[in-house]
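Numbering (this note's numbering), first residue to last: 80 to 463. See structure below.
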Ligand SMILES: Cc1cc2nc3c(=O)[nH]c(=O)nc-3n(C[C@H](O)[C@H](O)[C@H](O)COP(=O)(O)OP(=O)(O)OC[C@H]3O[C@@H](n4cnc5c(N)ncnc54)[C@H](O)[C@@H]3O)c2cc1C
């Protein structure tokens, strides 16, 4: 009988196995439903794997138990993680601002390093093996590392919650799931007509006509609404209001954030006074793309105000297929020390109700929860 059976060879499951090995525990069985380990991990950070962030704080995440989250992150945060990658897994890290990547900027480096580390200790990953029933697993300790419900094609399709609930039979233990780090849908036909156009902006989220959050970055107009990292970041905040039943939301894009409204208005007027043969959109197109200027002219009213606060009505987010992470899941407060759910079953990673912004926060949670679990199992095995 294995000492530890880990269900799911994604980010958290692989890391849990690696940490156990580094603590001297090698009698491990690892089950993965896909034909390969780490499918989602390979897709992270556009294939570059933004695996952590130097500036992580527990308050940046959404969870039901901020104190427990803080304790896990303080014990196994960026410092611990980077040391483990560099000294134990032999993956050199590199960074851009606070974002941390493997030095190769290739997610395959991370997956290969973990697989090689496990293989060197004689641990094979049983692939094409979907665990449907926890009672079918015979091991001293079982770790559920089966992910959330986002990006189901990668293997994490929400079956975690059934596996977990088969053990505790308590629906109250879960926060309902929503897609997070996801694009917004809009029914505004002029927004959709801009599909393919990109613009740097400050994007503001309004709820009941009050600004509640802002993010700067590239906004991409699409045939369903809007995308881009600033959009994804705001989707997390949007979810908080959706959970409270508040749906009166829209976003507003300041597409010329470096100029004040007055300065921009003067600039627009100067261009429109010019009576050459160019049409109005052509005269404005040195400020913003011509397509955007045409839409703004059709909206009518003060042109500079539209450029500084281009309203986009939101009808919701896209679905789990398009989301990077899951908001919700098994409440963290239901887990004891070391991510323990019952006497011998642990839950780690995205299956738990913890989600963070873009920028390495979600993989850091996968690693931190895995380290915490492995440490607990190791301390229990060594006293047996
Ligand atoms: C496109 C994309 C890009 C991302 N980029 C980043 C990034 O750059 N930085 C960042 O911090 N986060 C990123 N994330 C989020 C991050 O990848 C996840 O939060 C993280 O992978 C979660 O780890 P996990 O181990 O909980 O789940 P997963 O990595 O999803 O692993 C779960 C594994 O369990 C397997 N499984 C599920 N059910 C069963 C079962 N019943 N039996 C056997 N196996 C099972 C699945 O096939 C899967 O391999 C990204 C996500 C996506 C979709």
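By construction, the Cβ of each residue, glycine as well, lies at the ideal position given by its N, Cα and C atoms.
Check your understanding: beta strand (DSSP E) containing residue 175: first to last residue?
Key -> The count along the chain shown starts at 1 and reaches residue 175 at position 96. 172-175 is the span of the beta strand (DSSP E), which, as asked, contains residue 175.
Check your understanding: Regarding residue 418 and ligand 2, is the C-beta to nearest heavy atom distance less than 6 angstroms?
Key -> You won't find ligand 2 in this model; what it holds is ligand 1.
Check your understanding: Where does residue 310 land, buried or exposed, given buried means 16+ other C-beta within 10 angstroms?
Key -> What you label residue 310 is simply residue 231 of the chain shown in a count that begins at 1. That one is buried.
Practice item. Output the residue ranges of the beta strand (DSSP E) runs that lie fully inside the region 173-208 and measure 3 residues or longer, sorted by chain position. Key: 178-181
**Study point:** Any non-hydrogen atom of ligand 1 closer than 6 angstroms to residue 404 Cβ
**Key:** Along the chain shown, read from residue 1 onward, the residue named residue 404 stands at position 325. Flag set: Cβ of residue 404 near ligand 1.
Review point. If you draw a straight line from the C-alpha of residue 398 to the C-alpha of residue 261, how long is it?
Key: Mapped onto the chain shown, residue 398 falls at position 319. Mapped onto the chain shown, residue 261 falls at position 182. If I take the Cα positions, the gap works out to 8 angstroms.
Exercise for review: Specify the secondary structure class of residue 294 as computed by DSSP and reduced to three states.
Suggested key: Working through the chain shown from its first residue, we reach residue 294 at position 215. In this structure, residue 294 counts as strand in the three-state DSSP scheme.
Check your understanding: If you pair each beta-carbon of the region 119-138 with each one of the region 163-178, do three or more pairs fall below 8 angstroms?
Key -> Contact holds: three or more Cβ-Cβ distances are below 8 angstroms.
Point to revise | Distance, residue 257 Cα to residue 114 Cα | key: Mapped onto the chain shown, residue 114 falls at position 35. Mapped onto the chain shown, residue 257 falls at position 178. Taking the straight line from one Cα to the other gives about 27 angstroms.
Exercise for review: Report the rounded CA-to-CA distance for residue 338 versus residue 389, giving the unit in angstroms.
Suggested key: Counted from its first residue, the chain shown places residue 338 at position 259. Counted from its first residue, the chain shown places residue 389 at position 310. Their Cα atoms are separated by approximately 15 angstroms.
Review point. Fully enclosed by the region 253-286, which beta strand (DSSP E) runs are 3 residues long or longer?
Key: 253-259, 277-286
Review point. Can you check whether the CB of residue 148 is closer than 7 angstroms to the CB of residue 433?
Key: Counting from 1 along the chain shown, the entry for residue 433 is found at position 354. Counting from 1 along the chain shown, the entry for residue 148 is found at position 69. It is a contact, given that the beta carbons lie within the stated cut-off.
Exercise for review: Give the straight-line distance between the Cα atoms of residue 234 and residue 409, rounded to the nearest whole angstrom.
Suggested key: Position 155 of the chain shown holds residue 234. Position 330 of the chain shown holds residue 409. If you take the alpha carbons of residue 234 and residue 409, they lie about 18 angstroms apart.
Check your understanding: Does the beta-carbon of residue 342 have 16 or more other beta-carbons within 10 angstroms, so that it is buried, or is it exposed?
Key -> Along the chain shown, read from residue 1 onward, the residue named residue 342 stands at position 263. Residue 342 should be labelled exposed.
**Study point:** Nonlocal neighbours in the same chain, by C-beta distance under 7 angstroms from residue 322, ignoring five residues either side
**Key:** For the purposes of this step, residue 322 is identified with residue 243 of the chain shown, where counting begins at 1. Within the same chain, residue 322 has no close Cβ partners at all.
Practice item. Taking 7 angstroms as the cut-off, decide whether the C-beta atoms of residue 427 and residue 91 are in contact. Key: As a working note, residue 427 is residue 348 in the chain shown. As a working note, residue 91 is residue 12 in the chain shown. For residue 427 and residue 91, yes; Cβs fall inside 7 angstroms.
**Study point:** Given residue 206 as reference, the closest of 166, 365, 110, 325 once Cα atoms are compared
**Key:** Translated into the one-based positions of the chain shown, residue 206 becomes position 127. Among 166, 365, 110, 325, the Cα nearest to that of residue 206 belongs to 110.
Check your understanding: Shortest alpha-carbon distance to residue 302 belongs to which of 330, 334, 264?
Key -> Along the chain shown, one-based indexing puts residue 302 at 223. Closest option to residue 302, Cα to Cα, is 264.
Check your understanding: Does the Cβ of residue 255 have 16 or more other Cβ atoms within 10 Å, making it buried, or fewer, making it exposed?
Key -> Indexing the chain shown from 1 puts residue 255 at position 176. Result: exposed.
Practice item. Could you tell me if residue 290 is buried or exposed, where buried requires 16 or more neighbouring beta carbons within 10 angstroms of its beta carbon? Key: Position 211 of the chain shown, counted from the first residue, corresponds to residue 290. Exposed is the call here.
Check your understanding: Hey, which unbroken runs of the alpha helix (DSSP H) at 4 residues or more fall wholly within the region 428-461?
Key -> 440-461
Check your understanding: Apart from the five residues just before and just after residue 123, which ones in its own chain have a Cβ nearer than 7 angstroms to its Cβ?
Key -> Numbered from 1 along the chain shown, position 44 holds the residue referred to as residue 123. Cβ neighbours of residue 123 beyond the five flanking positions: 129, 186, 442.
Review point. To the nearest whole angstrom, what separates the beta carbons of residue 204 and residue 84, a pair I think is in contact under 8 angstroms?
Key: For the purposes of this step, residue 204 is taken as residue 125 along the chain shown, with counting starting at 1. For the purposes of this step, residue 84 is taken as residue 5 along the chain shown, with counting starting at 1. Incorrect: roughly 12 angstroms between the Cβ atoms, too far for contact.
Review point. Helix or strand or just coil, what does DSSP make of residue 220?
Key: Position 141 of the chain shown, counting from 1, holds the residue named residue 220. In the structure shown, the three-state DSSP call for residue 220 is strand.
**Study point:** Other residues of its chain near residue 161: CB distance less than 6 angstroms, five sequence neighbours each side excluded
**Key:** Locating residue 161 in the chain shown gives position 82, counting from the first residue. Here the set comprises 172.
Check your understanding: From this set, 394, 387, 452, which residue's C-alpha is nearest residue 268's C-alpha?
Key -> Position 189 of the chain shown, counted from the start, is the residue given in the question as residue 268. Taking only the C-alpha atoms, the option nearest residue 268 is 394.
Exercise for review: Would you tell me roughly how many angstroms separate the C-alpha atoms of residue 208 and residue 116, rounded to the nearest one?
Suggested key: Locating residue 208 in the chain shown gives position 129, where the first residue counts as 1. Locating residue 116 in the chain shown gives position 37, where the first residue counts as 1. Roughly 11 angstroms between the two C-alpha positions.
Review point. Near residue 210, which residues of its chain fall below 6 angstroms by C-beta distance, leaving aside the five closest residues on each side in sequence?
Key: Taking the first residue of the chain shown as 1, we reach residue 210 at position 131. Answer for residue 210: 86, 110, listed in chain order.
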